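Numbering (UniProt numbering), first residue to last: 1 to 344.
Quick look at the structure:
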């Protein structure tokens with residue numbers, strides 16, 4: 001699609017207005033590469049990040065197939081965000097996409113190769129590295145960014161989705177809300193019975209003053225020790241270890257201190273959220289809504305909540321149901337003014 005056609009496809013609505021954000025679209029100056037063990041399959045893979053033309057956006061390339069990093073290609077999967085196209089799946093994309101969105105790598109070809117399986121594989125997974133986004137951020141900062149050019153060699157103005165009205169998705173005492181704001185701000189709260197985690201809140205503007213790189217990217221994924229055996233029996237976290245996650249025991253507290261931040265689990269949920277919201281991006285424009293996004297007690301099914309928020313933002317429904325984790329239907333009802341959505 002030509003740049004002009006792509007921009008015309010970004011239609012504003014009552015809830016969202018696409019506006020210039022004061023920057024041009026960017027891409028990598030040169031190739032960035034990382035290899036390592038994957039979190040869930042336990043296999044090894046290599047990811048190569050390559051420069052791309054303005055307007056192309058971010059997309060994965062695996063087994064001769066392209067998968068746009070778009071919520072249109074996301075699917076429900078336990079404990080990670082998965083993209084799928086034409087039978088090919090890429091798992092655990094959220095940490096990498098979080099770094100790319102926050103660091104303004106707007107256009108990028110993401111090539112992924114499995115290191116210990118044959119070319120007939122239809123599934124792959126992004127390496128977990130140390131469980132955070134720090135390694136991706138450091139590689140991007142080291143090699144730098146440049147203005148992305150379109151097919152004609154021109155710069156392309158970057159647009160962002162500005163929220164016009166409040167929206168709210170809730171289930172019991174868990175919720176995701178977004179309010180109009182002059183800049184992107186995320187506030188996240190978690191509440192765990194494990195004393196070492198407890199109740200935590202963290203709030204910041206992730207796109208301002210390199211705050212993401214300093215305050216969010218280093219935060220590692222976390223899990224509860226008593227749940228590890230159950231998850232592994234379900235075929236998950238086969239590559240998980242004390243080297244790529246912080247592990248909390250109900251009786252012993254953190255098993256692999258020190259933490260990088262006292263509220264590292266809460267900060268990591270912001271990392272995941274930025275990665276999932278990056279899937280709202282279109283044609284090299286910003287995915288994160290320009291809004292104050294407030295999240296409370298949304299832990300294991302963040303992707304499903306993100307999709308519900310996306311449907312609200314795109315104003316595509318009056319009543320829709322989803323099948324999530326094989327057992328729960330999410331019923332969405334859009335109301336006047338507040339656009340309140342109740343999940344039952």
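By construction, the Cβ of each residue, glycine as well, lies at the ideal position given by its N, Cα and C atoms.
Please read all numbers here as calculations on a predicted model, not as lab measurements.
On the premise that residue j lies in contact with residue i, defined as a C-beta separation below 8 angstroms, what is that separation, rounded to the nearest angstrom?
i	j	result
residue 115	residue 170	So it is not a contact: roughly 43 angstroms between Cβ atoms.
residue 103	residue 140	5 angstroms
residue 57	residue 220	Contact doesn't hold; Cβ gap of about 28 angstroms is too wide.
residue 199	residue 191	5 angstroms
residue 73	residue 85	5 angstroms
residue 239	residue 37	4 angstroms
In angstroms, rounded to a whole number, what distance separates the CA positions of residue i and residue j?
i	j	result
residue 272	residue 132	10 angstroms
residue 87	residue 195	43 angstroms
residue 178	residue 298	14 angstroms
residue 125	residue 229	21 angstroms
residue 227	residue 41	17 angstroms
residue 10	residue 100	21 angstroms
residue 161	residue 12	8 angstroms
residue 224	residue 49	32 angstroms
residue 18	residue 34	34 angstroms
residue 250	residue 197	10 angstroms
residue 25	residue 112	23 angstroms
residue 248	residue 258	12 angstroms
residue 14	residue 117	48 angstroms
residue 309	residue 274	13 angstroms
residue 255	residue 39	18 angstroms
residue 51	residue 241	32 angstroms
residue 121	residue 75	19 angstroms
residue 322	residue 81	With a pLDDT of 31 at residue 322, under the threshold of 50, the modelled position of this residue cannot be trusted; read the value that follows with caution. Near 16 angstroms, if we compare the C-alpha coordinates of residue 81 and residue 322.
residue 232	residue 246	16 angstroms
residue 105	residue 307	22 angstroms
residue 172	residue 280	26 angstroms
Less than 8 angstroms between the beta carbons of residue i and residue j, yes or no?
i	j	result
residue 138	residue 276	no
residue 163	residue 16	yes
residue 288	residue 79	no
residue 83	residue 136	no
residue 267	residue 215	yes
residue 182	residue 165	no
residue 156	residue 55	yes
residue 222	residue 193	no
residue 234	residue 134	no
At a threshold of 7 angstroms, does residue i count as lining the ligand NAD (C-beta to nearest heavy atom)?
i	result
residue 188	Ligands are entirely absent from the displayed structure, and the ligand NAD is therefore not among its contents.
Taking 6 angstroms as the limit between beta carbons, can you name the residues of its chain near residue i, skipping five residues before and five after?
i	result
residue 295	176 and 188
residue 123	89
residue 201	189
residue 146	29
residue 130	244
residue 154	none
residue 278	97, 101 and 287
residue 185	205 and 292
residue 213	137
residue 263	200 and 202
residue 23	158
residue 207	184
Cutting at 7 angstroms between CB atoms, please list the residues of its own chain near residue i, excluding the five before and the five after it.
i	result
residue 77	91
residue 143	28, 29, 30 and 32
residue 59	66, 67, 68, 69, 109 and 110
residue 174	296, 297 and 298
residue 305	169, 176 and 298
Return the chain-ordered list of same chain residues with a C-beta closer than 8 angstroms to the C-beta of residue i, the five sequence neighbours on each side being excluded.
i	result
residue 53	27, 107, 148, 149, 150 and 151
residue 21	158, 159, 160, 286 and 290
residue 211	204 and 205
residue 46	33, 34, 35, 112, 113, 115 and 127
residue 61	67, 109, 110, 111 and 112
Could you tell me which residues DSSP puts in a beta bridge with residue i?
i	result
residue 248	224 and 254
residue 85	88
residue 234	None, per the DSSP bridge assignment.
residue 127	38
residue 264	DSSP lists no partner for residue 264.
residue 33	48
residue 17	162
residue 204	186
residue 146	27
residue 167	178
residue 345	The chain is shown from 1 up to 344; residue 345 falls before or after that span and cannot be answered.
residue 60	67 and 110
Consider the Cβ of residue i: report whether some Cβ of chain C lies at a distance smaller than 8 angstroms.
i	result
residue 227	You won't find chain C in this structure, because it holds only one protein chain.
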